[in-house]
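Residue numbering for the sequence shown follows this note's numbering, starting at 197 and increasing by one per position. Worksheet: the structure to be examined is printed underneath.
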Amino acid sequence: MATVLIDSFGRKAVDLRVSLTDRCNLRCTYCMPEEGLQWLAKPQLLTDDEIVRLVRIAVTGLGVTEVRFTGGEPLLRPGLVSVVERCAALEPRPELSLTTNGIGLARTAAALADAGLDRVNVSLDTLDPAVFRTLTRRDRHRDVLDGLAAAEKAGLTPVKVNSVLMRGVNDHEAPDLLAHCLEQGYELRFIEQMPLDAQHGWDRSSMVTAEEILERLSARFTLTPEPGALRGAAPAERWTVDGGPGTVGVIASVTRPFCRACDRTRLTADGQVRTCLFAREETDLRGALRGGGSDAEIAELWRAAMWGKKAGAGIDDPGFLQPDRPMSAIGG
Ligand code: SAM
Ligand code: SF4
C-alpha cells in the first residue's frame with residue numbers, strides 16, 4: 197500500500213478535512229442561499245462506519261496525521277461523538293478537531309472532549325446579535341457564545357475563532373472581535389471571503405482584504421509578526437498583539453494564497469475526494485467502498501487523486517470558474 201499522499205509538485209497531504217453533512221442550521225450569506233439548496237439524500241451520505249473506515253485508511257495507510265470534521269454543520273450529525281471516539285482509537289492516533297458554528301456545542305462539548313476531540317474552531321463573525329441575524333439569517337447568536345464558553349470549559353483548547361468580514365455588514369467590528377477573543381482567551385483568525393458562496397455572488401472588489409483587516413486592527417492594537425514568519429503549511433499568518441501573549445491570525449486565501457505549501461486532502465459527505473476547495477474534479481471513494489473495494493484499492497484511488505492535485509486554486513486565472521459545490525457542501 198502507498199505510504200503518503202504526495203502530489204506531482206512534491207506536496208504531502210497530512211491534513212484531512214472530512215465533511216460530515218452538507219446541511220446547516222444557519223444560512224451565512226457568504227456560504228449558503230436563503231433557501232433552495234438541494235441536500236444530499238441520506239443514501240448518498242457516507243455512513244458512520246464508512247467514514248471511520250476511510251479515516252482509518254488515511255491514517256494507517258496514507259500518512260494522514262490530522263483529521264478535522266466539518267460540514268455543513270458537523271454538530272448536526274447524530275453519530276458525531278461516536279465517530280470521534282472511533283477515530284481517536286486509531287493507531288497512530290490522529291489529532292482530531294472540529295470546525296463548527298457552535299450551535300449545540302454547549303450541550304456536546306464535554307462528550308466530544310471525553311471522546312477524544314482535541315480542539316475546536318468556532319465561527320463567529322460578529323458580537324452584535326442584530327448583525328448576526330443579518331449575516332446568518334438566523335437568531336442564534338447566544339447559542340454560539342454559549343458554545344464557545346462550553347468548549348473552553350471542556351478543554352477543547354486552544355479554542356480558535358474564525359471570522360469572515362463582509363463590507364458594510366461586520367467589517368467595522370474587527371477590533372472589537374479581537375478585543376473580545378483576547379479577553380476570553382480565544383485565538384482569532386480572520387479569513388478572506390472566497391468565491392465559494394452558493395449564489396456565486398462573490399466580488400473581488402468588495403472583498404475585505406487581509407491588508408485592510410490588518411490596517412483596521414492596527415488602529416487599536418500593536419501587531420508584531422510572529423517570529424519565524426514563514427508560515428509553512430499553516431494558512432494563517434500570525435501576529436502577536438500588544439506584546440503578547442495574545443495573537444491574531446489572518447488567512448489571506450485570496451490575496452496571499454498558500455497553495456505552494458498546501459498539505460490538505462478533503463472528503464465530502466458523499467465520499468468524494470477533493471484535492472482542493474476549488475477543485476472542479478472529484479474522485480469517488482464511496483463507489484469503491486460500496487462496490488467491495490479493499491483498503492489497498494481505496495488507498496490507491498485516493499493516492500492517484502492527490503497525485504493530480506493542481507498547483508494552485510487559480511482564483512486569479514482568467515478562466516477561473518467557481519466549483520459547482522458551495523462551501524457548505526465541500527466542507528470548509
Ligand atoms: N458550519 C461550520 C462553521 O461555520 O464553522 C463548518 C463549515 S463552514 C463551511 C467552515 C468555515 O468556512 C467557517 O469558518 C466559515 O466562516 C467559512 N466560510 C464559509 N464560506 C466561506 C467563504 N465564502 N469564504 C471564506 N470562508 C468561508
Ligand atoms: Fe452553515 Fe458554516 Fe456555511 Fe454558516 S459557514 S452557513 S454555519 S456551513
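Backbone N, C-alpha and C define an ideal beta-carbon position, used for all residues, glycine too.
Residue range of the unbroken beta strand (DSSP E) whose run includes residue i
i, result
"residue 468", "468-470"
"residue 211", "211-215"
"residue 398", "Looking at the DSSP string, residue 398 is not in any beta strand (DSSP E), and its letter there is neither H nor E."
"residue 276", "It is not in any beta strand (DSSP E) - residue 276 instead sits in the alpha helix (DSSP H) that spans 276-284."
"residue 445", "443-447"
"residue 461", "460-463"
"residue 432", "432-437"
"residue 289", "Here residue 289 belongs to no beta strand (DSSP E), and DSSP marks it neither H nor E."
"residue 387", "383-387"
"residue 421", "419-421"
"residue 317", "315-319"
Per-residue DSSP class, three states only, for residue i
i, result
"residue 332", "helix"
"residue 344", "helix"
"residue 355", "coil"
"residue 198", "Its pLDDT being 46, under 50, residue 198 is placed unreliably by the model, and nothing is read from it."
"residue 453", "coil"
"residue 256", "helix"
"residue 506", "coil"
"residue 360", "strand"
Residue range of the unbroken alpha helix (DSSP H) whose run includes residue i
i, result
"residue 371", "370-380"
"residue 486", "482-486"
"residue 410", "406-414"
"residue 299", "From DSSP, residue 299 is part of no alpha helix (DSSP H); its letter is neither H nor E."
"residue 225", "That residue, residue 225, is in no alpha helix (DSSP H); it is neither H nor E in DSSP."
"residue 524", "523-526"
"residue 264", "Not the alpha helix (DSSP H): residue 264 falls in the beta strand (DSSP E), residues 262-266."
"residue 499", "491-503"
Beta-carbon contacts of residue i that lie in its chain and below 6 Å, excluding the five residues immediately before and after
i, result
"residue 360", "226, 321, 387, 389"
"residue 228", "394, 524"
"residue 485", "246"
"residue 510", "516"
"residue 396", "518"
Integer-rounded CB distance, given that residue j should sit under 8 Å from residue i
i, j, result
"residue 354", "residue 416", "The Cβ separation is near 22 Å, so there is no contact."
"residue 250", "residue 271", "Rounded, the Cβ-Cβ distance is 20 Å, inconsistent with contact."
"residue 446", "residue 433", "6 Å"
"residue 297", "residue 222", "5 Å"
"residue 305", "residue 346", "4 Å"
"residue 467", "residue 233", "That pair is no contact at about 19 Å."
"residue 255", "residue 299", "Not confirmed; about 29 Å, so no contact."
"residue 312", "residue 348", "With 8 Å as the limit, residue 312 and residue 348 do not qualify as a contact, their Cβ atoms being about 18 Å apart."
"residue 503", "residue 203", "6 Å"
"residue 413", "residue 374", "6 Å"
Own chain partners of residue i with C-beta closer than 8 Å, once the 5 adjacent residues on each side are dropped
i, result
"residue 351", "309"
"residue 506", "471, 472, 475"
"residue 253", "491, 494, 495, 498"
"residue 198", "Model confidence at residue 198 stands at a pLDDT of 46, short of 50, so the residue's coordinates are unreliable; what they give is reported in the following sentence. The residues are 257, 258, 495, 496, 499."
"residue 526", "215, 392, 462, 464, 470, 473, 519"
"residue 268", "215, 216, 217, 218, 219, 220, 465, 524, 525, 527"
Local Cβ density within 10 Å of residue i, reported as buried at 16 or more and exposed below that
i, result
"residue 459", "buried"
"residue 337", "buried"
"residue 528", "buried"
"residue 400", "exposed"
"residue 248", "buried"
"residue 276", "buried"
"residue 213", "buried"
"residue 187", "Because the chain is modelled from 197 through 528, residue 187 falls outside the range shown and cannot be assessed."
"residue 517", "exposed"
"residue 421", "exposed"
"residue 278", "exposed"
"residue 457", "exposed"
"residue 356", "buried"
"residue 501", "buried"
"residue 438", "exposed"
"residue 478", "buried"
"residue 200", "exposed"
"residue 383", "buried"
"residue 288", "exposed"
"residue 406", "buried"
"residue 294", "buried"
"residue 319", "buried"
7 Å Cβ shell around residue i - same chain, five flanking residues per side excluded
i, result
"residue 508", "453, 455"
"residue 210", "259, 260, 261, 262, 459"
"residue 366", "321, 322, 327, 331"
"residue 224", "331, 332"
"residue 283", "248, 251, 263, 290, 292"
"residue 435", "419, 420, 421, 422, 443, 444"
"residue 208", "200, 201, 202, 259, 459"
Residue i Cβ short of 8 Å to the ligand FAD heavy atom set
i, result
"residue 377", "In the structure on display, the ligand FAD does not appear, and the ligands it does have are the ligand SAM and the ligand SF4."
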